[in-house]
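**Student:** Residue numbers (our numbering): -14 to 56. Positions of the beta carbon are idealized from the N, C-alpha and C atoms, including for glycine. None of these values were measured; they are calculated from a predicted model.
Now the structure itself:
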């Protein structure tokens, strides 16, 4: 399984894909860009953890993590 994260100006979106890169699930939250970077990173980690818990995955089950970052 893989996790992809899109860091957008409006929303943070994390998606879980299978070995064939098909989207299995995704979760999102507003970016709320005018705040500390640590808060945004915490939201990204929370989204990834939500996907992993929902699908009963551990860190060992995640082959890779990709980030899409503006700029």
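Please specify which runs of the alpha helix (DSSP H), each continuous and at least 4 residues long, are wholly inside the stretch 3 to 39, giving them in chain order.
**Tutor:** Listed in chain order, they are 22 to 39.
**Student:** Where residue -9 and residue 29 are concerned, what is the direct C-alpha to C-alpha distance, given to the nearest angstrom?
**Tutor:** C-alpha separation (whole angstroms): 9 Å.
**Student:** Am I right that residue -6 and residue 18 are in contact with their C-beta atoms under 8 Å? What's the rounded C-beta distance?
**Tutor:** With a Cβ gap of about 6 Å, residue -6 and residue 18 count as contacting.
**Student:** Could you check if residue -1 is buried or exposed, using at least 16 other CB atoms within 10 Å of its CB as the buried criterion?
**Tutor:** Buried, since its Cβ has 16 or more Cβ neighbours within 10 Å.
**Student:** Compute the distance between the beta-carbons of residue -11 and residue 47, then report whether it is under 9 Å.
**Tutor:** No, the Cβ-Cβ distance between residue -11 and residue 47 is not below 9 Å.
**Student:** Thinking C-alpha only, which one of 33, -3, 11 and -14 is nearest residue 4?
**Tutor:** Looking at the Cα atoms, -14 is the closest of the given residues.
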